[in-house]
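A.B. asks: Each residue of the sequence shown is one higher than the last, beginning at 26 in our numbering. Ideal Cβ placement from N, Cα and C applies to all residues, glycine included. Only a predicted model underlies this, so the values are computations on that prediction, with no experimental measurement involved. First the structure, which I've put down as structure tokens, then a few questions once you've had a look.
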Amino acid sequence: MNEVQEGLCLMGPAMVTVFVIGAGNEPLPREAFNLAGLVPDEVRPFMLMEQPAAIASPGLMSYDLTFHDASLTLATYTSATLRRLCADGRAVAWAGFEGSFHYDHLLTEDIASSVYGYCVSGAEPVVAWDFATLRGMAWKKRIAETRTALEELLRRP
């Protein structure tokens, strides 16, 4: 098992946590997360509360996708999930470790090492599966570029 995978299993079962802005405030059905040949044991959607006005209009959802078999390789699954979240229109999605979410720090440099994947509508998802990559300057730059895409999304009516 690699470093990111181990981080996803800290609480026992493997949990992929994803966020999406731009896909509305209604959760996708559970079946939407049957991807890359894997079916999560649990799908927990969360509409995040107290959304700032700029985010409330396009909508923000979070999903905890749990797998009881922690030996599953989840990098491909994470990529497929991010692609799915950005498939229905203008959206920015990312996968991050538990505790990395705060409205004031969406895709900022200080949490870049806690974000292990991202996707912007119209582009391919990117997933990093080792901590050396997540801590590197190149990754911080990619997260900053994703933040710029998010800011552009939030400026559009």
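Is it the case that the Cβ atoms of Thr-106 and Leu-60 are separated by a distance below 9 Å?
C.D. replies: yes
A.B. asks: Give every residue of the same chain whose Cβ lies closer than 7 Å to the Cβ of Glu-123, excluding the five residues on either side of it in the sequence, and list them in chain order.
C.D. replies: Excluding sequence positions up to five before and after Glu-123, its CB lies within less than 7 Å of the CB of Thr-42, all in the same chain and listed in chain order.
A.B. asks: Could you check how far apart the C-beta atoms of Phe-44 and Leu-85 are, in whole angstroms? I think they sit under 8 Å.
C.D. replies: 7 Å
A.B. asks: Do you know how far the Cα of Asp-129 is from the Cα of Gln-76?
C.D. replies: 11 Å
A.B. asks: With 16 as the cutoff for other CB atoms within 10 Å, does Pro-54 come out buried or exposed?
C.D. replies: Per the 10 Å Cβ criterion, exposed.
A.B. asks: When DSSP builds the beta bridges, which residues end up paired with Met-72?
C.D. replies: Met-86
A.B. asks: In whole angstroms, give me the CA-to-CA distance for Arg-181 and Ser-146.
C.D. replies: 14 Å
A.B. asks: Out of curiosity, what's the CA-to-CA distance linking Ala-79 and Leu-90?
C.D. replies: Going by the C-alpha atoms only, they are around 26 Å apart.
A.B. asks: Which stretch, first to last residue, makes up the beta strand (DSSP E) that contains Met-36?
C.D. replies: It is not in any beta strand (DSSP E) - Met-36 carries neither H nor E in the DSSP assignment.
A.B. asks: Grab the span of the alpha helix (DSSP H) containing Ala-148 for me, first residue to last.
C.D. replies: From DSSP, Ala-148 is part of no alpha helix (DSSP H); its letter is neither H nor E.
A.B. asks: Rounding to the nearest angstrom, what Cα-Cα distance links Leu-97 and Val-64 in this structure?
C.D. replies: Distance from the CA atom of Leu-97 to the CA atom of Val-64, rounded to whole angstroms, is 11 Å.
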